[in-house]
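Take the position in the sequence shown, starting the count at 1, then add 11; the result is the number in this note's numbering.
Each residue gets a CB set at the ideal place from its N, CA and C atoms; glycine is no exception.
Okay, so here's the structure we're looking at.
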Amino acid sequence: MTSPVAVARGLAAAVLAPAAAEVDRSGVLPRGHLDALADAGLYGLIGPAHAGGLGADLGTFAAVVEELAAGDLAAAFVWLQHHGVVGRVAAAGSDPGLLAGLCRGRVRAGIALQAATRPDAAPVTVRRDVSDLVLDGAAPWVTGWGLLDLLLVAARDGDDVAFVLVDAVEGPTLAVLPQSLVAVQASATVELRLTGHRVPSARLVGRTPLAAVRAGDAAGLRLNGSLALGLVLRCTRLLGPSPLDDDLGAARARLDAAGPGELPDARAEAAALAHRASGALVVATGSAAVRAGSVAERTAREALFLLVFGSRPAIRASLRARLGAAG
12 MTSPVAVARG
22 LAAAVLAPAA
32 AEVDRSGVLP
42 RGHLDALADA
52 GLYGLIGPAH
62 AGGLGADLGT
72 FAAVVEELAA
82 GDLAAAFVWL
92 QHHGVVGRVA
102 AAGSDPGLLA
112 GLCRGRVRAG
122 IALQAATRPD
132 AAPVTVRRDV
142 SDLVLDGAAP
152 WVTGWGLLDL
162 LLVAARDGDD
172 VAFVLVDAVE
182 GPTLAVLPQS
192 LVAVQASATV
202 ELRLTGHRVP
212 SARLVGRTPL
222 AAVRAGDAAG
232 LRLNGSLALG
242 LVLRCTRLLG
252 PSPLDDDLGA
262 ARARLDAAGP
272 GELPDARAEA
282 AALAHRASGA
292 LVVATGSAAV
302 RAGSVAERTA
312 REALFLLVFG
322 SRPAIRASLR
332 ARLGAAG
């Protein structure tokens, strides 16, 4: 059986990378790219075997993220969000049909999670009204709009965070505002606005104390680091043998070994390395790198994006120190 990492590498080389410049230029991610990932079983990468998933471990998951990001960051970015929903629905164990659909990629999902826990923004909230859950608030960064069937929304309910599945369909109580991004515009990232939005109470798939969600936040940073390492991987393949090869291995090993307290700094190291690797690719490419649409130009913008994507205060502080801006 071909490993998921080899499958991802093949799809990235045959499908994602050849179209990446046009995807970036048009700002449109072809649904067929995501169909190819689903047909290969990658939408069920971490799903349980009984639901049609591959049951991959974290190391395999991280390696697949790298390969897909090396091919096309926008596609990897949209695909990655889906797995947060697979994991939450699998843990709930209450809807085997939905879980099977998610694992096979027949149902595609995204996440709207951070607005419930960020201390610097009004959270999305949820309340119960008879047999419905009612959601209010805004989530500023929701990826994959128009390519998704469901969203997993994290909403505050007193001292708890409720995880609620919402149909990804605009209407009177659910609106989206497109975000204009310097890179991965094809990720179709929007701001989600909910105003008295009702869903059946059966759409609740979990509830966790807010303190526990915040305490566990760092543990979820590992995979976002693989997006940055995917850019480094792209650069090393285009540049040929160089010291970046060893730097990539070291950054990957550090992310793999880091505990929750060490992950923010390891994440910062990965993002800073992507920034440096993209700079090396620009220099090696020469003046052609300043032409819009070149691989080097696109990679440099994507590295800029990853300096701030999924950031936290500890990551930002580490990056400032690494880039010489601490003080």
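Beta-carbon proximity list for residue i, same chain, < 6 Å, skipping 5 on both sides
i: Gly116; result: Ala49 and Tyr54
i: Val172; result: Ala127, Ala165, Thr219, Leu221 and Val224
i: Ala74; result: Val16
i: Val118; result: Gly112 and Asp160
i: Ala337; result: Arg331
i: Gly321; result: Asn235
Inter-residue spacing [alpha-carbon to alpha-carbon] between residue i and residue j
i: Val76; j: Ala85; result: 12 Å
i: Val224; j: Ser289; result: 34 Å
i: Ala277; j: Arg218; result: 29 Å
i: Ala150; j: Asp83; result: 25 Å
i: Glu308; j: Ala103; result: 43 Å
i: Phe72; j: Ala81; result: 14 Å
i: Ala299; j: Leu69; result: 38 Å
i: Val39; j: Leu162; result: 20 Å
i: Gly356; j: Leu192; result: Look at the range of the chain in this structure, 12 to 338, and you will see that residue 356 is not part of it.
i: Ala179; j: Gly108; result: 18 Å
i: Asp267; j: Ser237; result: 10 Å
i: Arg312; j: Val100; result: 34 Å
i: Arg233; j: Ala226; result: 15 Å
i: Leu244; j: Gly272; result: 26 Å
i: Leu249; j: Val141; result: 58 Å
i: Val34; j: Asp170; result: 42 Å
i: Gly66; j: Pro59; result: 5 Å
i: Thr200; j: Ala285; result: 22 Å
i: Val18; j: Ala51; result: 7 Å
i: Arg265; j: Asp258; result: 11 Å
i: Ala186; j: Ala269; result: 39 Å
i: Leu205; j: Gln190; result: 17 Å
8 Å contact criterion, which residue i and residue j should meet: CB distance rounded
i: Ser253; j: Leu144; result: About 53 Å separates the two Cβ atoms, so there is no contact after all.
i: Ala32; j: Gly304; result: 5 Å
i: Gly260; j: Glu78; result: Not a contact, Cβ separation roughly 15 Å.
i: Val97; j: Leu113; result: 5 Å
i: Leu318; j: Leu330; result: 6 Å
i: Asp168; j: Val137; result: 5 Å
i: Arg42; j: Leu158; result: 7 Å
Residues of its chain near residue i, where Cβ-Cβ distance is below 7 Å and the 5 sequence neighbours each way are ignored
i: His94; result: Leu56 and Ile57
i: Gly207; result: Val145, Asp147 and Thr184
i: Cys246; result: Leu255, Ala288, Ser289, Ala291, Leu292 and Thr310
i: Gln92; result: Gly121, Ile122, Thr154 and Gly155
i: Ala279; result: Ile326, Ser329, Leu330 and Arg333
i: Val195; result: Leu84, Ala85, Phe88, Glu313 and Phe316
i: Arg263; result: Leu240
Beta carbon proximity, residue i to chain B, threshold 9 Å
i: Ala28; result: This model lacks chain B altogether; it includes just one protein chain.
From the options, residue whose alpha carbon lies closest to that of residue i
i: Arg36; options: Arg327, Arg333 and Arg302; result: Arg302
i: Trp152; options: Leu188, Ala268 and Leu232; result: Leu188
i: Gly182; options: Pro324, Gly231, Ala264 and Val210; result: Val210
i: Ala229; options: Ala179, Gln125 and Leu45; result: Gln125
i: Arg139; options: Leu27, Val175 and Phe320; result: Val175
i: Arg323; options: Arg167, Thr296 and Leu274; result: Leu274
i: Ala87; options: Ser14, Leu250 and Ala28; result: Ala28
i: Ala197; options: Ala25, Ser14, Thr13 and Leu45; result: Leu45
i: Asn235; options: Ala281, Asp258 and Ala336; result: Ala281
i: Thr296; options: Val195, Gly251, Phe320 and Val18; result: Gly251
i: Leu203; options: Val135, Gly270 and Ala283; result: Val135
i: His61; options: Leu110, Thr13 and Arg20; result: Leu110
For residue i, three-class secondary structure by DSSP
i: Phe320; result: coil
i: Thr296; result: helix
i: Gly182; result: strand
i: Glu273; result: coil
i: Thr219; result: strand
i: Trp90; result: helix
i: Val193; result: coil
i: Thr136; result: strand
i: Ala150; result: strand
i: Thr206; result: strand
i: Leu159; result: coil
i: Gly82; result: helix
i: Gly70; result: helix
i: Val306; result: helix
i: Pro252; result: coil
i: Gly21; result: helix
i: Arg167; result: strand
i: Ala328; result: helix
i: Pro211; result: strand
Cβ shell of residue i (< 8 Å), same chain only, five flanking positions each side left out
i: Ala47; result: Leu22 and Val26
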